[in-house]
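Scroll down for the structure; my scribbles are underneath it.
In the UniProt record's numbering, the protein residues as written are 1 to 227.
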């Protein structure tokens, strides 16, 4: 297909003057930038490990397995964390709970988490129904071999014992009260419930925290139900 002349934009290289040909203006501009940074010098290098970094409230690091009020591992071996993990780094072997644990049917006889394979997305923490697995503020994960960075149940419980009372615990929402960083969290104000009928198709602005109720007890079974 031939190209029309009107569809082509011809660009001509501008001619360089005397000063442009000497490159002096470019050199002067570069020196201006250098002098500006020298005179307004502000150190940006952090002297680690003497100076520890200030982590964001939502930082997620090394995992831990929490204990309940009796000192037992809280995990009930439901496999939800291993199922939700996109990196497939969690391996659990379930066993029948001891007879003196009447509040659960199973517990993890083996719990293996590969910290090298983990991508620290927090999906395991979100999936856990009993807040058994959590990510901590620990970021300096080091070891002399790969085997040292594959955490078993005892290692994960040891991390909990070391971090349970640490004020740097990440901001998280649990089934019960919030963690030590709860004072930084504000809960949204819940507005009065709004009745929405299946035939209402009008677009309305909804305030944050509004609760929707439906006349249909199973609204998602009806394709025509407004959500």
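Just so you know, even glycine gets a beta-carbon here, dropped at the ideal spot from N, CA and C.
Rounded to whole angstroms, the separation of the alpha carbons of residue 59 and residue 121 is 10 angstroms. When C-beta atoms of the segment 92–101 are compared with those of the segment 67–82, three or more pairs fall below 8 angstroms, so the two segments count as touching.
Annotation for residue 109: 93 and 95 place their beta carbon closer than 6 angstroms to its own, counting only its chain and skipping 5 residues before and after. Of the candidates 56, 46 and 61, 61 places its Cα closest to the Cα of residue 159. Unbroken alpha helix (DSSP H) runs of no fewer than 4 residues, entirely contained in the segment 109–183, are found at 123–127 and 153–163, following chain order. From the listed residues 28, 54 and 89, the smallest Cα separation to residue 123 is found for 89. Per DSSP, residue 65 is not a residue of any alpha helix (DSSP H); the beta strand (DSSP E) it occupies stretches across 63–65. For residue 65 and residue 75, the gap between their C-alpha atoms comes out near 7 angstroms. DSSP places residue 96 inside the beta strand (DSSP E), whose first and last residues are 90–96. As the crow flies, the alpha-carbon of residue 42 is around 13 angstroms from that of residue 35. Here residue 38 carries a helix assignment [DSSP, helix/strand/coil]. Counting of Cβ neighbours within 10 angstroms places residue 63 among the buried residues, the total reaching 16 or more.
If the five residues before and after residue 163 are omitted, its C-beta is found closer than 8 angstroms to the C-beta atoms of 64, 136, 137, 138 and 169, all from its own chain and listed in chain order. A residue is called buried when at least 16 other Cβ atoms come within 10 angstroms of its Cβ; residue 73 meets this threshold and is buried. Taking the Cα positions, residue 14 is about 29 angstroms away from residue 2.
Residue 149 is positioned such that its CB atom lies closer than 8 angstroms to that of residue 115.
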